[in-house]
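This is the structure we're talking about:
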């Protein structure tokens, strides 16, 4: 089971990730909703891109894509509850609101999409090549479909 720590309720999203990874323990991640100034500073400091973005992911584990996650292999990332911490995600609320309007869907769908996107980054997925992007989009849509928030719904 995936546990998402946030001031927002992402319980249903966490449940929608069942079957998207293999692990011998519970996983946990952190999601923070931030303003434009904060995410711009993070983007500038970490990625050296001084502009507002919608979501940033900060994985705590490397090289885990499509690999079973084993608690014993990452003892430094096991939290006080015994879950394996996979990283943090920052989402810009204003960009999520703007993108929801731009794409013609709800804020709920956009926010869940951005968090889903971030979690897949934490799980080692990326979109650097067209093939990687297609694989990641397929997985994202599969999770959102479980929530009734896919593009087709």
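Numbering (our numbering), first residue to last: 294 to 446. Just so it is clear, CB atoms sit at the ideal spot from N, CA and C, and this is done for glycine as well. Given the structure is predicted, the values throughout are model-derived calculations rather than measurements.
Asked                                                                                                                                                                : Found
Between which two residues does the beta strand (DSSP E) harbouring residue 373 extend?                                                                              : No beta strand (DSSP E) holds residue 373; DSSP gives it neither H nor E.
Taking the alpha carbon of residue 324 as the reference point, which residue from 348, 315, 341 and 343 has its own alpha carbon closest?                            : 348
List the residues that DSSP assigns as beta-bridge partners of residue 349.                                                                                          : 383
Which runs of the alpha helix (DSSP H) spanning at least 4 residues fall entirely within the segment 295-370, listed in chain order?                                 : 304-309 and 329-335
Under the three-state reduction of DSSP, which class applies to residue 404: helix, strand or coil?                                                                  : helix
Going by DSSP, what residues sit across from residue 377 in a beta bridge?                                                                                           : 320 and 371
Could you tell me the distance, in whole angstroms, from the CA atom of residue 398 to the CA atom of residue 319?                                                   : 32 Å
Applying the criterion that 16 or more other CB atoms from any shown protein chain within 10 Å of the CB defines a buried residue, is residue 295 buried or exposed? : buried
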